[in-house]
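Enquirer: Numbering (the working numbering), first residue to last: 148 to 266.
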Amino acid sequence: MEKAVKEARELKGFMPRSIEYAGQINEDFAEGIAGFYKAIWSEREGGLSMKYKHLIVFAIACSTNNIQSAVKILARLHKFGATRTEINDAMMLAAWTGGIQHFTDFSEAVLKEMDRLGY
């Protein structure tokens, strides 16, 4: 496994599927995608914290009705100390940008996972 792939795994806490799939195609391709992950998810002085990056990605997943990703991101939000109120705000923004139908679709699974995580 090359350097950027290892660093992306350490940074995210798991091997992103896109890097895994890219590695099955071409090692350089996997390194390129891993570098992209590193650029996005690394914390920089004066930049967004990991909590806020995950809140943004969570809101986008909800607004695009990507329920599976939204539910998975909740565990990361829990790890980074997001509050229930912050998550609720993100869900309301998702309803605003993605529409009430998407809100209706993702809310059941998200609220159930929030309860499971102890929010």
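We put the CB at the ideal spot given by N, CA and C, even for glycine.
Here the structure is a predicted model, which is why all the values come from computation and not from measurement.
Measure the Cβ-Cβ separation of M261 and L202 and say whether it is below 8 Å.
Expert: In this structure, L202 does not lie closer than 8 Å to M261 by Cβ.
Enquirer: In its own chain, which residues sit with a C-beta less than 7 Å from the C-beta of F227, not counting the 5 before and 5 after it?
Expert: M197, K198, H201
Enquirer: For R223, is the classification buried or exposed, using 16 other Cβ atoms within 10 angstroms of its Cβ as the cut-off for buried?
Expert: buried
Enquirer: Using the Cβ count rule (16 or more neighbours within 10 Å means buried), how would you classify Y168?
Expert: exposed
Enquirer: What residue range does the alpha helix (DSSP H) around L195 cover?
Expert: First-last for L195: undefined, no H or E at that position.
Enquirer: Where are the alpha helix (DSSP H) runs, 4 residues long or more, that stay fully inside the segment 165-246, in chain order?
Expert: 174-188, 197-210, 214-226, 231-245
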